[in-house]
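Report on the structure given below.
2 protein chains.
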Amino acid sequence: MTVRTTEDPPDPPGAQHAPSRPTLAVIAAEAGVSQATVSKVLNGRTDVAAATRERVEALLRDHNYPGPGGSRRARRSGLIDLVLAGLDSPWAVEILRGVEAECAEQGTGVVVSLVREDDARPPSWQNLPALHHSDGVILVTSRMTDRQRAQLERAGVALVLVDPVNLPDSDIASVGATNWAGGLAATEHLIELGHRRIAMIGGPGDMLCTQARVDGYRTALERAGIEVDRGLVRYGDFHHEGGFARTRELLALPDRPTAIFAGSDQQAMGAYQAARLAGLRVPEDLSVVGFDDLPTCEWLSPPLTTVRQPLEEMGRVAARTLLQLLDGRPPLTPRVELATELRVRASTAPPAPSEQ
Amino acid sequence: MTVRTTEDPPDPPGAQHAPSRPTLAVIAAEAGVSQATVSKVLNGRTDVAAATRERVEALLRDHNYPGPGGSRRARRSGLIDLVLAGLDSPWAVEILRGVEAECAEQGTGVVVSLVREDDARPPSWQNLPALHHSDGVILVTSRMTDRQRAQLERAGVALVLVDPVNLPDSDIASVGATNWAGGLAATEHLIELGHRRIAMIGGPGDMLCTQARVDGYRTALERAGIEVDRGLVRYGDFHHEGGFARTRELLALPDRPTAIFAGSDQQAMGAYQAARLAGLRVPEDLSVVGFDDLPTCEWLSPPLTTVRQPLEEMGRVAARTLLQLLDGRPPLTPRVELATELRVRASTAPPAPSEQ
Chain A
1 MTVRTTEDPP DPPGAQHAPS RPTLAVIAAE AGVSQATVSK VLNGRTDVAA
51 ATRERVEALL RDHNYPGPGG SRRARRSGLI DLVLAGLDSP WAVEILRGVE
101 AECAEQGTGV VVSLVREDDA RPPSWQNLPA LHHSDGVILV TSRMTDRQRA
151 QLERAGVALV LVDPVNLPDS DIASVGATNW AGGLAATEHL IELGHRRIAM
201 IGGPGDMLCT QARVDGYRTA LERAGIEVDR GLVRYGDFHH EGGFARTREL
251 LALPDRPTAI FAGSDQQAMG AYQAARLAGL RVPEDLSVVG FDDLPTCEWL
301 SPPLTTVRQP LEEMGRVAAR TLLQLLDGRP PLTPRVELAT ELRVRASTAP
351 PAPSEQ
Chain B
1 MTVRTTEDPP DPPGAQHAPS RPTLAVIAAE AGVSQATVSK VLNGRTDVAA
51 ATRERVEALL RDHNYPGPGG SRRARRSGLI DLVLAGLDSP WAVEILRGVE
101 AECAEQGTGV VVSLVREDDA RPPSWQNLPA LHHSDGVILV TSRMTDRQRA
151 QLERAGVALV LVDPVNLPDS DIASVGATNW AGGLAATEHL IELGHRRIAM
201 IGGPGDMLCT QARVDGYRTA LERAGIEVDR GLVRYGDFHH EGGFARTREL
251 LALPDRPTAI FAGSDQQAMG AYQAARLAGL RVPEDLSVVG FDDLPTCEWL
301 SPPLTTVRQP LEEMGRVAAR TLLQLLDGRP PLTPRVELAT ELRVRASTAP
351 PAPSEQ
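Going down the list, the protein sequences come from chains A and B. The UniProt record's numbering puts the first residue of the first sequence at 1, with every later residue one more than the last. The UniProt record's numbering puts the first residue of the second sequence at 1, with every later residue one more than the last.
As structure tokens, then:
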């Protein structure tokens, strides 16, 4: 059964009324606050003054309200929804692995779906919790509109984001990696090897994680007194094809780079291929650094130097945060970033003497 | 709510009785058949005589029974469980992608879990449907005991297997690929290139798919009049490490093979690495064929010749079969094998003249 937290919005599919429970309007009137504030308390948000929170929580308890303020947000179904932007990368399976492991330990099932935006079948992702009677959503590398967020909030669905494309509101719980530090470390490694013409291939330019990595790259160059050449920064999708196409462009430049920092391991594999077709050896003629540290990295020829993202741990933390929200315990800070770490393998070396 | 199809076994966790419904024993007595036969009809099994099935189905309808014979097995929750042996391979995500796509189109959620065998938390996989109130299970590359199967049957849970390790009963619906034909095609390709010393690295020796591929390999050699050298057939896990370790052993033989047919693309990547460390070039000194055709194959250096398994389609067919079972429509044949296909890329070539 889906428990409602307000009465005015239209019913999401599958929702049922809990007839004997007071509306948010009643609670709000008794507490002398707005309905929005009651809703914030119910959803475990952190932007409510402590005194107000306590007053609202006491009323919710009095009315035996099932939200987190009431006592615990009931784990109604023992299910959560994991909604992914795509399943076309081993990246996604690493996140899934962490979410599944944490949820299995806590006796919670994970319903896995892809983001779909249209309103017909298959249903839009924000309708899935109502459809599956699940208690919350982990949304991975996706864009969220204010409307979607409001819809989830009305339905009393808890939400955690992993690597969000955008952050519509600063108080939503989200989990990521230290992308800026990763971009910095990768670039500093190449600078220390003696490279000066260092290119970067980012993911899509509108993604937060891309922006943070590019900023880390720029800062490393600036700290080393190397001027940032805008022509050496390219954007593309995170897949093999993106890395291949962008590397072909970079290697065709009159003054080609001697090193490439790719935004994902799959892009780095595309860069390997482009180098091979151009008759260049990795790392003798071209150094390549990836991002992610997928299990396959150490099996590439040569094994790939890359920035490790703790993907499985990110999945675990996202699941733990969501389950804590459902227990009425909001996270200490809404945004958590887990540490990235450079893994040096065999795809990076000093530039050839003629290039220096 | 979990609907029960019999009353005698102990309750699975989360199960609730549907009190007004007759027991299987009553139906069986009225139909003049055994309880086991009623259970078979309920579970959509094919090994019941048509006249008997019709008689039982009519009684089930009379009693408003919710099984597939009754009219439709109610899609109680709109959820199915997808249980995987592991999430440590991109292989699994391809199956998941197909299951998710098919289920999304049919408005069904997919709860993803790993096989766990212990009875404590996390719960054993065969308890998941009761826990999640799901209608059925797709079990991937796993072993199933008769006890587990009986437990699912008692709980009225429909079941489809993908690439089962063993087949405990021939009437369970299962989906696989034409592994034998794939083993044959891979080996014939190497023979046509002129190879005679062809090694094979299988997956675990007790898996059905391994046995079928090894048999295809043997048949190809025998048809070409090449004696099968048992020392050239090795078994290992399907991961990089397995391919690496077995290739090291094979390349250390006094009369080493000139070609290796690996049981998975990940094994083939391990073989690449072992060849590189031995100072051998692929394909000039060693030809390598993989199995699966993961998206990464065409991005390896050199791009990998492999046997394509239609993994996403296998996931789709498994989901479709399960949803049909839930609608009371058993599959025409319990076992379906989708076609494999050889994809020739750049990792295979004639053996070096000195080796011929």
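Glycine included, each C-beta is placed from N, C-alpha and C at the ideal position.
Does DSSP put E227(B) in a helix, in a strand, or in coil?
Mapped onto the second sequence, residue 227(B) falls at position 227. E227(B): coil per DSSP, three-state reduction.
Is the CB-CB distance between T145(A) and D163(A) below 8 Å?
Locating residue 145(A) in the first sequence gives position 145, where the first residue counts as 1. Locating residue 163(A) in the first sequence gives position 163, where the first residue counts as 1. The answer is no: Cβ separation not under 8 Å.
Counting Cβ pairs, one atom from each stretch, are 3 or more of them under 8 Å apart for the stretch 218-235 of chain B and the stretch 309-323 of chain B?
Counting C-beta pairs closer than 8 Å gives fewer than three between the stretch 218-235 of chain B and the stretch 309-323 of chain B, which falls short of the contact rule.
Please state whether the Cβ-Cβ distance between A85(A) and V111(A) is less than 8 Å.
Taking the first sequence and counting its residues from 1, the one referred to as residue 85(A) is at position 85. Taking the first sequence and counting its residues from 1, the one referred to as residue 111(A) is at position 111. No, these two residues do not count as a Cβ contact at 8 Å.
Given this structure, state the Cα-to-Cα distance separating D47(A) from E153(A), to the nearest angstrom.
The residue you call residue 47(A) lines up with position 47 of the first sequence. The residue you call residue 153(A) lines up with position 153 of the first sequence. If I take the Cα positions, the gap works out to 15 Å.
Can you name, in chain order, every residue of its own chain whose Cβ lies under 7 Å from the Cβ of Q151(A), other than the five neighbours on each side?
In the first sequence, the residue the question calls residue 151(A) occupies position 151. Q126, listed in sequence order.
Out of D255(B), G182(B) and L326(B), point me to the one whose CA is closest to T340(B)'s CA.
Against the second sequence, residue 340(B) aligns to sequence position 340. Looking at the Cα atoms, G182(B) is the closest of the given residues.
Rounded to a whole number of angstroms, what is the C-alpha to C-alpha distance between V344(A) and D292(A)?
Taking the first residue of the first sequence as position 1, residue 344(A) is located at position 344. Taking the first residue of the first sequence as position 1, residue 292(A) is located at position 292. Whole-angstrom Cα-Cα distance: 13 Å.
Counting C-beta neighbours from all protein chains within 10 Å, is the total for A130(A) 16 or more, i.e. buried, or is it exposed?
Within the first sequence, numbered from 1, the residue matching residue 130(A) stands at position 130. For A130(A), the number of other beta carbons within 10 angstroms of its own is at least 16, and it is reported as buried.
Nearest to D135(B) by alpha carbon, out of L325(B), L338(B), P334(B) and E337(B)?
The residue labelled residue 135(B) in the question sits at position 135 within the second sequence. Closest by alpha carbon: L325(B).
Helix, strand or coil at M200(B) according to DSSP, with G and I counted as helix:
Within the second sequence, the letter at position 200 stands for residue 200(B). M200(B) falls in the strand class under three-state DSSP.
Beta-carbon neighbours of V93(B), restricted to chain C and to distances below 9 Å:
Absent from the structure: chain C. Protein chains present are A and B.
Just by C-beta distance, which residues in the stretch 269-288 of chain A are closer than 7 Å to chain B?
M269, G270, Y272, Q273 and R276
Is it buried or exposed for G67(A), if we count other Cβ within 10 angstroms and need 16 for buried?
By one-based count along the first sequence, residue 67(A) stands at place 67. Only weak support is given to the placement of G67(A): the predicted model assigns it a pLDDT of 46, under 50, and the value that follows is read from those uncertain coordinates. Buried, by the Cβ-count rule.
W299(A) CB to nearest chain B CB: under 8 Å?
On the first sequence, position 299 is the one that residue 299(A) refers to. Chain B, which has a Cβ nearer than 8 Å to the Cβ of W299(A), makes this yes.
Under 9 Å between beta-carbons, which chain B residues line up against T296(A)? List them in chain order, please.
If you number the first sequence from 1, residue 296(A) lands on position 296. The answer, in chain order, is P90, H240, Q266, M269 and T296.
Separation of R53(A) from P310(B), as counted between CA atoms:
If you number the second sequence from 1, residue 310(B) lands on position 310. If you number the first sequence from 1, residue 53(A) lands on position 53. C-alpha separation (whole angstroms): 54 Å.
For E100(B), which residues in chain A fall below 8 Å Cβ to Cβ?
Reading the second sequence from its first residue, position 100 is the one you call residue 100(B). Neighbours of E100(B) on chain A, chain order: L87, V112, S113 and L114.
Residues that G109(A) contacts on chain B, provided the C-beta gap is smaller than 9 Å
On the first sequence, residue 109(A) is found 109 positions in, with the first residue counted as 1. Result: L79, D81, V111, V112, S113, L128, L131, H132 and S134.
For E241(A), which of C297(B), R329(B) and R55(B) has the nearest alpha-carbon?
Residue numbering aside, residue 241(A) sits at position 241 when the first sequence is read from its first letter. Nearest option by C-alpha distance: C297(B).
Residue(s) in a DSSP beta bridge with A274(B)
To locate residue 274(B), count along the second sequence from 1; it is residue 274. Its beta-bridge partners do not exist; DSSP assigns none.
Runs of beta strand (DSSP E) wholly within the stretch 82-165 of chain B (minimum 3 residues, chain order)
109-114, 136-140 and 158-162
Looking only at C-alpha atoms, which of Y235(A), A199(A), T178(A) and H132(A) sits nearest to A212(A)?
As a position in the first sequence, residue 212(A) is number 212, starting the count at 1. For A212(A), the nearest C-alpha among the options comes from T178(A).
Contact check, P295(B) vs A346(B), beta carbons under 8 Å:
Stepping through the second sequence from its first residue, residue 295(B) is reached at position 295. Stepping through the second sequence from its first residue, residue 346(B) is reached at position 346. No, Cβ-Cβ distance for P295(B) and A346(B) is not below 8 Å.
Is the stretch 256-266 of chain A touching the stretch 195-205 of chain A, taking contact as three or more C-beta pairs under 8 Å?
yes
Going by alpha carbons, who is nearest to L128(B) out of L24(A), L79(A), L250(A) and E57(A)?
Counted from its first residue, the second sequence places residue 128(B) at position 128. The shortest C-alpha separation from L128(B) is found at L79(A).
Identity of the residue in V26(A), A352(A), F238(A) and R196(A) nearest D268(A) by Cα:
Locating residue 268(A) in the first sequence gives position 268, counting from the first residue. This sequence places Ala at residue 268(A); Asp is not what is there. That would be F238(A), whose Cα lies nearest to the Cα of A268(A).
Quick check: what's the CA-CA separation for E337(B) versus G176(B)?
Counted from its first residue, the second sequence places residue 337(B) at position 337. Counted from its first residue, the second sequence places residue 176(B) at position 176. Roughly 5 Å between the two C-alpha positions.
Buried or exposed for G156(A), please, with buried defined as at least 16 other CB atoms from any protein chain shown within 10 angstroms of its CB.
Along the first sequence, read from residue 1 onward, the residue named residue 156(A) stands at position 156. Burial call: buried.
Assuming T321(B) contacts A173(B) under a Cβ cut-off of 8 Å, what Cβ separation, rounded to an integer in Å, is found between them?
As a position in the second sequence, residue 321(B) is number 321, starting the count at 1. As a position in the second sequence, residue 173(B) is number 173, starting the count at 1. Contact flag correct, Cβ pair sits at about 5 Å.
Coarse secondary structure for R213(B), derived from DSSP in three states:
As a first step, residue 213(B) must be located in the second sequence, where it is residue number 213. Reduced to three states, the DSSP call for R213(B) is helix.
What distance in whole Å lies between the Cβ atoms of P257(B) and I198(B), which are believed to be in contact at a cut-off of 8 Å?
By 1-based counting over the second sequence, the position of residue 198(B) is 198. By 1-based counting over the second sequence, the position of residue 257(B) is 257. P257(B) and I198(B) do touch by the CB rule: their CB atoms are close to 6 Å apart, below 8 Å.
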